[in-house]
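Colleague: Mapping to the UniProt record's numbering: the sequence shown position 239 is 239, numbers consecutive. The C-beta atom is built at its ideal place from N, Cα and C for all residues, glycine as well. For clarity, every value in this text was computed on a predicted model and none was experimentally measured.
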Amino acid sequence: MTISDTPYIDAPLAQPTLSNPPKLGAHLIADGVDIAVEAPHATNVWACFVDPDNNHAEHRVALRRGLYGVWAGHIAGITAGTFYGFRVDGRWDPAAGHVYNPAKLLLDPYARAVGRTPIIDPRLYGYVMDDDHTAHLDQRDPRDSVEVAGLGVIIADEPTACAHPYTPWDETVIYEAHVVGLTKTLPGVPEELRGTYAGLGHPATITHLKSLGISAIELLPIHAKLSEPFLIHKGLENYWGYNTLSFFAPEPSYASAAARAAGAQGVIDEVKNMVAALHAAGIEVLLDVVYNHSCEGGIDGVTVSWRGLGSTHYYRHDSANPGALKDTTGCGNSFDFRRTSVIRMTLDSLRYWVEVIGVDGFRFDLAVTLGREGDNFNPNHPLYSAMATDPVLSTVKLINEPWDVGYGGWRTGQFPVPTADWNDRFRDTLRSFWLSEPAAIVHGGHGSDLRDLATRMAGSADLFGHGRLPGGRGVHASVNFVTAHDGFSLNDLTAYSHKHNDANLEDNRDGSNNNLSWNHGVEGSASEAIMTMRRKSARNLMACLILAAGTPMLTAGDEILKTQHGNNNAYCQNSPLSWLDWELGEHEENMLATTSFLLQLRREHAVFRPTQFFTGSPREGDALRDMEWLDASGNQMQDYTWFDPQARLVQMLRSGRGISRDALVIINGQAQAQQVTLPWGRGTDFELMWASQWERPRDHTEHIAPGGHLTLAPFSVAVLLGEILENN
Numbered sequence: 001m002t003i004s005d006t007p008y009i010d011a012p013l014a015q016p017t018l019s020n021p022p023k024l025g026a027h028l029i030a031d032g033v034d035i036a037v038e039a040p041h042a043t044n045v046w047a048c049f050v051d052p053d054n055n056h057a058e059h060r061v062a063l064r065r066g067l068y069g070v071w072a073g074h075i076a077g078i079t080a081g082t083f084y085g086f087r088v089d090g091r092w093d094p095a096a097g098h099v100y101n102p103a104k105l106l107l108d109p110y111a112r113a114v115g116r117t118p119i120i121d122p123r124l125y126g127y128v129m130d131d132d133h134t135a136h137l138d139q140r141d142p143r144d145s146v147e148v149a150g151l152g153v154i155i156a157d158e159p160t161a162c163a164h165p166y167t168p169w170d171e172t173v174i175y176e177a178h179v180v181g182l183t184k185t186l187p188g189v190p191e192e193l194r195g196t197y198a199g200l201g202h203p204a205t206i207t208h209l210k211s212l213g214i215s216a217i218e219l220l221p222i223h224a225k226l227s228e229p230f231l232i233h234k235g236l237e238n239y240w241g242y243n244t245l246s247f248f249a250p251e252p253s254y255a256s257a258a259a260r261a262a263g264a265q266g267v268i269d270e271v272k273n274m275v276a277a278l279h280a281a282g283i284e285v286l287l288d289v290v291y292n293h294s295c296e297g298g299i300d301g302v303t304v305s306w307r308g309l310g311s312t313h314y315y316r317h318d319s320a321n322p323g324a325l326k327d328t329t330g331c332g333n334s335f336d337f338r339r340t341s342v343i344r345m346t347l348d349s350l351r352y353w354v355e356v357i358g359v360d361g362f363r364f365d366l367a368v369t370l371g372r373e374g375d376n377f378n379p380n381h382p383l384y385s386a387m388a389t390d391p392v393l394s395t396v397k398l399i400n401e402p403w404d405v406g407y408g409g410w411r412t413g414q415f416p417v418p419t420a421d422w423n424d425r426f427r428d429t430l431r432s433f434w435l436s437e438p439a440a441i442v443h444g445g446h447g448s449d450l451r452d453l454a455t456r457m458a459g460s461a462d463l464f465g466h467g468r469l470p471g472g473r474g475v476h477a478s479v480n481f482v483t484a485h486d487g488f489s490l491n492d493l494t495a496y497s498h499k500h501n502d503a504n505l506e507d508n509r510d511g512s513n514n515n516l517s518w519n520h521g522v523e524g525s526a527s528e529a530i531m532t533m534r535r536k537s538a539r540n541l542m543a544c545l546i547l548a549a550g551t552p553m554l555t556a557g558d559e560i561l562k563t564q565h566g567n568n569n570a571y572c573q574n575s576p577l578s579w580l581d582w583e584l585g586e587h588e589e590n591m592l593a594t595t596s597f598l599l600q601l602r603r604e605h606a607v608f609r610p611t612q613f614f615t616g617s618p619r620e621g622d623a624l625r626d627m628e629w630l631d632a633s634g635n636q637m638q639d640y641t642w643f644d645p646q647a648r649l650v651q652m653l654r655s656g657r658g659i660s661r662d663a664l665v666i667i668n669g670q671a672q673a674q675q676v677t678l679p680w681g682r683g684t685d686f687e688l689m690w691a692s693q694w695e696r697p698r699d700h701t702e703h704i705a706p707g708g709h710l711t712l713a714p715f716s717v718a719v720l721l722g723e724i725l726e727n728n
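Right, dumping it as structure tokens:
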């Protein structure tokens, strides 16, 4: 079918829009809809209202060009639930980056809902794509895409009346999860709600989150997505969702069947209800968002939205070769954040999700791309200045993934206030200290000294303590993590030294080779003796993550020893490989109890939740230094000891300043058991609360006097609390 024989009804030129300046997107007004889209280099733009149930009958209305390349109009008679898109005509000159094609129906970048996800088909490409996938990039394809294109849905914006928990940063514990994977097999969630927004908001899910002790759930992308063609051809899909189709519409496939049957508004209502249920339990909802690139891919990718509206207006192009895209994301394209339209779209989307859906913050995927001005990264980029001063966005949590794959792409610690960063230095240091270095030690090698470990446990002041403001960005700017969706699970870090990604059908080439993991002697299944060592290693990592200064982020399933059988890049696995397995055995129950206990310690004792960087000196009114580093004898660490790779035992004494009990965390990174002498502290007993050599937290505690002894197992952690003096 070509555009000339598509069934459609021509309509008169749209009347001027009612709002001035026009609001981008489609908005129900009076007797119809105000509609506006930005396409500055186009010669004609049509709003197209489609009935997919009536041979894709199409009502086309030519929009009027206004200031700054915004095409707008008011179309009477359009009601909620109508499917729509745009057609755009203009110059066809691929060498110059212009690939306008009116035969392609385009999704509105501001569509609030997706009524149909695009169907991968040769007609979805702006250029001629043969059925055998041969591309002719210089030839404009005349075939109409209406039968396979993505369709937006007209709906009414209804701001949600929600009460944000506004959890303080020092009380924040983040839990990264996937809507589907978290609840797909969760007992207590009705079968029809498993793997859905409603399932995530179900009391059974919330009970687990609350009993675990997290305060915020960070969801892998729930923006509408489109899987890459190469995955679809293999029978796979982009499960994680880092291939955005719309920055305003929620992914419809995550809604329950009942919500989908109710239409676009039903899907949105289910998302809102999920957020409201989590809020009622005091849990914040953070969204992982992907504003750095879109699902349209490289120059040989599909044309579903922005490319057809104006590729050079939205995407970065090579100034020396305008037909080529500049890609700092590894996904084929990158949005150009020098463009006001791109910044406005991002800000409008963020505000929509806060004001209309009710979420509490965002994690920005490949955030360096968002701060690039051309090839350079600007830590004071206008986008970040806008978010910091926006009356809506400045009140929610903003977290950066502080890298991309472009030049100078590693920027951990270099983003501005009030944002926080995923701290990959913390991840790598903890993995090295507890896994890759012990692997070397038991084979006759050696590990590193204690300097980097101590810096990470103290809040990474080297990364976040500098800047024009006193105290820099602060201790909570460090989002500490050991695992994330990308990479090995906590269990697999201890069970595999190599990735096993064969299920991804890429010949095991995908995924990182730098895992800093240790299989403890054998890959995968192992003897009980090795499994015992692995579980202790997992507890070491979990304890240091939870008790370090900064904001801890756990990955869903690590608390129950989730395995992906060595797959460290399960982005395309919507299967039991990625879903949490809730059939828990003794060891999984023990790990869940351990994680909950450690989070309870953090929650109940402010000493584990410092709000400022440590100084190494007493604070006002306190006789104890805010933090001291002590050796095995309970004495202050000598300077030279910090440089000794053989000295891998340290005692970290934190002052509770009379507000909280003091804390003593003892770390033994040596292959031998070690007896330590407890420090004097305040001259009162220490209470042994937990040790990683225990499979499960104990019901009783042990009191040890200052100068008393405690023996730590090889490669283990112990946590003690001091007594509060009566005069405090």
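With C-beta atoms as the reference, is I154 less than 8 Å away from A26?
Modeller: Yes; because the gap between Cβ atoms is below 8 Å, this pair is in contact.
Colleague: What are the uninterrupted segments assigned as beta strand (DSSP E) that are 3 or more residues long and contained completely in the segment 224 to 306, given in chain order?
Modeller: Here the runs fully enclosed are 284 to 289.
Colleague: Where does N668 fall in DSSP's three states?
Modeller: Looking at N668 - three-state DSSP - the assignment turns out to be strand.
Colleague: For H587, does the three-state DSSP call read helix, strand or coil?
Modeller: Helix.
Colleague: Please state whether DSSP places W582 in a helix, a strand or coil.
Modeller: Three-state result, W582: coil.
Colleague: May I ask you to list the residues that DSSP assigns as paired with F86?
Modeller: A47, L106.
Colleague: Hey, how far is the Cα of N514 from the Cα of T429?
Modeller: Going by the C-alpha atoms only, they are around 13 Å apart.
Colleague: Identify the residues that DSSP records as bridge partners of R698: which are they?
Modeller: BP columns for R698 are empty, so no partner.
Colleague: Comparing C-alpha positions only, which one of T205, S497, I75 sits nearest to G521?
Modeller: Per the Cα distances, S497.
Colleague: Looking at the structure shown, is V189 part of a helix, part of a strand, or coil, going by DSSP?
Modeller: Three-state DSSP puts V189 in coil, outside helix and strand.
Colleague: For the putative contact between L309 and R316, defined by C-beta atoms under 8 Å, what is the C-beta separation to the nearest angstrom?
Modeller: L309 to R316, Cβ: 16 Å. No contact.
Colleague: Considering only DSSP beta bridges, list what L398 is partnered with.
Modeller: DSSP, once it has assigned bridges, lists F362 as partnering L398.
Colleague: Over what stretch of residues does the beta strand (DSSP E) that includes A324 continue unbroken?
Modeller: First-last of the beta strand (DSSP E) with A324: 321 to 325.
Colleague: Rounded C-beta distance between T244 and V290? I'm assuming under 8 Å.
Modeller: Contact holds; Cβ gap of about 5 Å.
Colleague: Any idea if G126 is buried or exposed, counting beta-carbon neighbours within 10 angstroms, 16 or more meaning buried?
Modeller: By the neighbour-count rule (16 or more Cβ atoms within 10 Å), G126 is buried.
Colleague: In the DSSP assignment, what are the bridge partners of H136?
Modeller: Per DSSP, V128.
Colleague: Can you find a heavy atom of the ligand COA that lies under 7 Å from the Cβ of T185?
Modeller: For the structure depicted, the ligand COA is absent and the ligand set is empty, with no information on it obtainable.
Colleague: Please confirm whether S517 and F488 have their CB atoms less than 8 Å apart.
Modeller: It is a contact, given that the beta carbons lie within the stated cut-off.
Colleague: Of the choices A257, G408, A663, G361, whose alpha-carbon is the least far from that of V368?
Modeller: It is G408.
Colleague: Leaving out five residues on either side along the sequence, give the residues of the same chain with a beta carbon under 6 Å from the beta carbon of R338.
Modeller: Correct list, in chain order: E373.
Colleague: If you run the structure through DSSP and keep just helix, strand and coil, what is A632?
Modeller: In the structure shown, A632 sits in coil (DSSP, three-state: anything other than H, G, I, E or B).
Colleague: Just how far apart, CA to CA, sit D510 and E237?
Modeller: For D510 and E237, the distance between alpha carbons rounds to 15 Å.
Colleague: Could you tell me the distance, in whole angstroms, from the CA atom of N20 to the CA atom of L63?
Modeller: Each residue's Cα considered, the two are about 15 Å apart.
Colleague: Count the other C-beta atoms from every protein chain shown that fall within 10 angstroms of the C-beta of G297, then say buried if there are 16 or more, exposed otherwise.
Modeller: It is buried - the Cβ of G297 has at least 16 other Cβ atoms within 10 Å.
Colleague: Return the residue from the list P679, H223, L124, T532 that minimises the CA-CA distance to L105.
Modeller: Here the closest residue by C-alpha is L124.
Colleague: Which residues bound the alpha helix (DSSP H) around E528?
Modeller: Unbroken alpha helix (DSSP H) run through E528: 528 to 547.
Colleague: How many whole angstroms separate the CB atoms of G656 and T684, which I take to be in contact at a CB cut-off of 8 Å?
Modeller: G656 to T684, Cβ: 12 Å. No contact.
Colleague: With a cut-off of 8 Å on the beta carbons, I'd call G85 and A149 a contact; round off their distance for me.
Modeller: The pair is a contact, with the Cβ atoms about 6 Å apart (cut-off 8 Å).
Colleague: Tell me Y315's beta-bridge partners as DSSP assigns them.
Modeller: Paired residues: F335.
Colleague: Tell me whether E176 sits in a helix, a strand or coil according to DSSP, three-state version.
Modeller: It is a strand residue.
Colleague: Give the secondary structure of P438 by DSSP, where H, G and I count as helix, E and B as strand, and everything else as coil.
Modeller: The answer is helix: DSSP assigns P438 an H, G or I state.
Colleague: Is the beta carbon of E176 sitting closer than 8 Å to the one on T555?
Modeller: For E176 and T555, yes; Cβs fall inside 8 Å.
Colleague: Is L469 helix, strand or coil when you go by DSSP?
Modeller: The answer is coil: DSSP assigns L469 none of H, G, I, E or B.
Colleague: Of the residues V417, I399, R456, which one's Cα is nearest the Cα of F426?
Modeller: Closest option to F426, Cα to Cα, is R456.
Colleague: Please report the residue range of the alpha helix (DSSP H) in which H498 lies.
Modeller: Looking at the DSSP string, H498 is not in any alpha helix (DSSP H), and its letter there is neither H nor E.
Colleague: Quick one: what's got a C-beta closer than 6 Å to D89's C-beta in the same chain, skipping five residues either side?
Modeller: Taken in chain order, the residues that qualify are T43, N44, Y100, P102.
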